[in-house]
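Numbering (this note's numbering), first residue to last: 1469 to 1681. What follows is one structure encoded as structure tokens, with my remarks underneath.
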């Protein structure tokens, strides 16, 4: 919503929240290039690949809940920001639950959910997902690899059953959030624009993945 009056404020708040991101985020990758660097260093012989996806993540996230999670974490960890937590909460609410914008000559106000393409959207989703992951850290630690980009996750485990256990645990955390899972097929899995194919020696061949249109 680049035509909304809150857009510049939202971009500034992203910078304010950088210490919170560093404190909460453990499992994310910033892009496909970082993921490729990680894949270069692992061997998946006798391992299994799967991906998780959250259904309608942008519309199902309750922004007031996310804001409360952020503020609670700042206070609990005593993270020093540019402004008091009470002010941070008010500004985040202003940029989310009171966001106005125009479309085709009509004025609208967004009251919940996260707008795709907004500068704050990915940050709020990352922090919310990190909060969910923190609740199941023990089972995530069983995975050979668990890496997430916003609401898409790559998982490499010792068995397909282990991947199923992880997604089942994730699906028990929040009533609005549902993870689906896709197993590798014929030693191949598509994730984050990459087609990953297991070689006989356990290394991973990679190529660009383009969805059929």
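Note that the Cβ used here is the ideal one computed from N, Cα and C, for glycine as well. Source: prediction; values computed, not measured.
Reduced DSSP category for residue i - H, G, I as helix; E, B as strand; rest coil
i	result
residue 1621	strand
residue 1561	helix
residue 1509	coil
residue 1598	helix
residue 1491	helix
residue 1652	coil
Proximal residues to residue i (C-beta, below 7 Å), its chain only, five neighbours per side dropped
i	result
residue 1525	1593, 1619
residue 1666	1512, 1655, 1672
residue 1651	1518, 1628
residue 1557	1535, 1539
Nearest-angstrom Cα separation, counted from residue j out to residue i
i	j	result
residue 1522	residue 1555	31 Å
residue 1559	residue 1483	13 Å
residue 1480	residue 1590	14 Å
residue 1573	residue 1565	21 Å
residue 1520	residue 1653	15 Å
residue 1478	residue 1492	19 Å
residue 1561	residue 1668	52 Å
residue 1504	residue 1623	14 Å
residue 1646	residue 1679	23 Å
Residues of its chain near residue i, where Cβ-Cβ distance is below 8 Å and the 5 sequence neighbours each way are ignored
i	result
residue 1604	1634, 1637, 1638, 1641
residue 1625	1515, 1516, 1518, 1610, 1611, 1612, 1631, 1634
Sequence-distant residues of the same chain with beta carbon closer than 6 Å to residue i, five excluded per side
i	result
residue 1616	1495, 1496
key: In chain order, each alpha helix (DSSP H) run of at least 4 residues that lies wholly inside the region 1514-1547   = 1525-1528, 1531-1544
message = With a threshold of 8 Å, are at least 3 pairs of Cβ atoms found where one atom belongs to the region 1492-1508 and the other to the region 1651-1665?
response = yes
ask   = If you pair each beta-carbon of the region 1484-1493 with each one of the region 1547-1566, do three or more pairs fall below 8 Å?
value = yes
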